[in-house]
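Enquirer:
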Amino acid sequence: MGLVISTVQAAEAKVKAPDWALQTETGETIRLADFHGQPLILHFWATWCPYCKKVQPGLDALYQQYQEQGLAAVAISFREDDDATPGTVLKQRGISFKTAVQGEQVAALYGVRGTPTTLLIDSEGYLVYVTNTSDPNDEALITATKQLMKK
1 MGLVISTVQA AEAKVKAPDW ALQTETGETI RLADFHGQPL ILHFWATWCP YCKKVQPGLD
61 ALYQQYQEQG LAAVAISFRE DDDATPGTVL KQRGISFKTA VQGEQVAALY GVRGTPTTLL
121 IDSEGYLVYV TNTSDPNDEA LITATKQLMK K
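If you count by UniProt numbering, then the sequence shown holds residues 1 to 151, one letter each, in order.
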């Protein structure tokens with residue numbers, strides 16, 4: 001059973017983000033450990049998900065706003081059709097996240113039940129925020145990201 005956690009639990013319990021390693025479409029390996037010491041947006045999504053498409057510009061705007069201060073962002077695609085090309089789709093949408101594919105096991109590890117699910121992980125590797133919002137201007141997500149960057 002995967003880690004199922006609410007934002008309140010994440011903030012109060014100091015839950016460490018489980019480690020993982022996945023590949024991009026081009027075969028590059030991405031690991032959670034690659035982002036040690038950096039705050040991270042971890043976005044679980046699928047190419048067929050209309051709600052993911054809606055929220056991604058807002059997530060990318062947050063990433064762009066805080067990238068110079070060290071914020072990293074990774075999209076993990078899961079539950080895809082066999083012919084899906086998630087990395088290409090995000091590039092076509094103008095989203096600049098690194099994109100890992102075939103993320104079913106990592107989604108299960110984190111207790112992700114559906115798309116979109118976005119987690120914020122602090123620079124020490126702790127989960128601090130979890131949301132399923134599809135609103136690219138969600139005030140709670142914006143506030144949580146600002147708080148993440150103050151740590």
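Beta carbons: idealized from backbone N, C-alpha and C, even for Gly.
Just so we're clear, the structure is a prediction, and the values are computed from it rather than from any experiment.
Could you check what DSSP says for residue 16 in three-state terms: helix, strand or coil?
Expert: If DSSP states are grouped into helix, strand and coil, residue 16 belongs with the strands.
Enquirer: Between the Cα of residue 105 and the Cα atoms of 23, 69, 57, which residue gives the shortest distance?
Expert: The residue with the shortest Cα to Cα distance from residue 105 is 23.
Enquirer: Using the beta-carbon count (16 or more within 10 Å), is residue 36 buried or exposed?
Expert: exposed
Enquirer: Is there contact here, the region 118-128 with the region 80-93, by at least three beta-carbon pairs under 8 Å?
Expert: no
Enquirer: Apart from the five residues on each side of it in sequence, which residues of its chain come closer than 8 Å, Cβ to Cβ, to residue 133?
Expert: 55, 116, 118, 140, 141
Enquirer: What three-state label does DSSP hand residue 26 in the structure shown?
Expert: Residue state, collapsed to three classes: coil.
Enquirer: Go through its chain and collect everything with a Cβ distance to residue 68's Cβ below 7 Å, but skip five positions before and after it.
Expert: Close CB contacts of residue 68 within its chain, under the 7 Å cut and outside five residues either way in sequence, are absent.
Enquirer: From 128, 48, 99, pick the residue whose C-alpha is nearest to that of residue 114; which is it?
Expert: Minimum Cα distance to residue 114 is reached at 48.
Enquirer: Over what stretch of residues does the alpha helix (DSSP H) that includes residue 32 continue unbroken?
Expert: Residue 32 -> no alpha helix (DSSP H), and no H or E assigned at all.
Enquirer: From residue 17 to residue 129, what distance separates their C-alpha atoms?
Expert: 11 Å
Enquirer: What number of angstroms, rounded off, separates the C-alpha of residue 32 from the C-alpha of residue 110?
Expert: Residue 32 and residue 110: Cα-Cα distance of roughly 12 Å.
Enquirer: Helix, strand or coil for residue 126, going by three-state DSSP, please let me know.
Expert: strand
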